[in-house]
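Asks:
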Amino acid sequence: MKIVEAGSSYKPHSMYPCEVHALHGSGVLALDDDSSAYGYLRSGTLSLESLTVRAGQYFCLTRVGPGACAEFSHADGVAVIRKGFKGLNMVGGPLESSGRLVYIDGCSDTLLVSPPRLGDSSLNHLHFPPGIEQSFHIHPSIRAGIVVSGAGRASLAGGVELPLRPGAVFVLDERERHRFCTESEDMHIVAFHPDGDFGPTDDHHPMKNRTLITAR
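First residue of the sequence shown: 0, per numbering that gives the first Met the number 0; consecutive thereafter.
1. Measuring only the C-alpha atoms, how far is H12 from R174?
2. Which first and last residues belong to the alpha helix (DSSP H) in which M206 is found?
3. Give me the Cα-Cα distance between C17 and I212, rounded to the nearest whole angstrom.
4. Using the Cα positions of L163 and N208, report the straight-line distance between them to the nearest angstrom.
5. Within the chosen definition, does the segment 180–187 reach the segment 40–54 through at least 3 CB pairs nearer than 8 Å?
6. I'd like the span of the beta strand (DSSP E) that includes V170, first residue to last.
7. Ends of the beta strand (DSSP E) at A214?
8. Here's a check: name, in chain order, each residue in its chain whose Cβ is nearer than 8 Å to the Cβ of I137, leaving out the five neighbours to either side.
9. For I2, which residues does DSSP report across the bridge?
10. Return the chain-ordered ranges of every beta strand (DSSP E) run that is complete within the segment 25–64 and spans a minimum of 3 residues.
11. From D108 to H126, what does the alpha carbon distance come to, in whole angstroms?
12. To which residues of the same chain is A153 closer than 7 Å at the C-beta, ignoring the five residues directly before and after it?
13. Please report the straight-line C-alpha distance between G83 and D33, rounded to a whole angstrom.
14. Indicate the three-state DSSP secondary structure (helix, strand or coil) for D104 in the structure shown.
15. Our contact map puts H23 next to D75 with C-beta atoms below 8 Å; I'd like the distance itself, whole angstroms only.
16. Bridge partners for M186 per DSSP, in chain order?
17. Could you name the residues of the same chain whose beta carbon sits closer than 6 Å to that of E70, not counting the 5 residues immediately before and after it, in chain order?
18. Can you tell me the Cα-Cα spacing of I2 and Q56, whole angstroms?
19. Within 10 angstroms of its Cβ, does S25 collect 16 or more other Cβ (buried), or is it exposed?
Now the structure itself:
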């Protein structure tokens, strides 16, 4: 696991090209025509064209017009730039107190930004109640995220234990063995997934599934 220092960026080795930015203070986030930024703000603002992200909100941002840059001010948060993929512009929040879906070992999660099509990128909210010791596990692709609130630790290969505090921006490598644990506090994390096995297809989506052709 890589902890990305505040105000710096990190480019993980991945089959899905990404840049992870630990937003801090004020500055500019450059976006190509074929890129999207996924993330969360703990404080400050982030603006791109007509959209403004505020403290406590998650986002997916992609350029509509040429030459636009995302500007952040007094920011504390994370932005993961997914190269070669255009997501759907979206700003939402605040996070709920727990996830809508069951996750492993008593944890829960919510799909914040859904993949537009099967296999596309997503953004997720993970909630860890107090007293959690997850099973060790891996993911086939990288994970990048931020500790929104609470506290816990990451247990890694070789007995390494990393404390996780609010504002910590992290990256897990592909297939990196890990688990998250909490003690007396719960912990909220927002995590980016560059790919997945979930999402609508041309043959399976809500509009088509609930369209019933009738006789004339």
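All C-beta atoms in this analysis are idealised placements derived from N, C-alpha and C, irrespective of residue type, glycine included.
Replies: Reading it off the structure:
1. 12 Å
2. 205–208
3. 43 Å
4. 42 Å
5. no
6. 168–171
7. Per DSSP, A214 belongs to no beta strand (DSSP E) and is neither H nor E.
8. R174, E175, R176, H177
9. F169
10. 34–47, 50–53, 56–61
11. 6 Å
12. M0, L161, L163, H177, F179
13. 5 Å
14. helix
15. 6 Å
16. F127, G149
17. V27, S46
18. 22 Å
19. exposed
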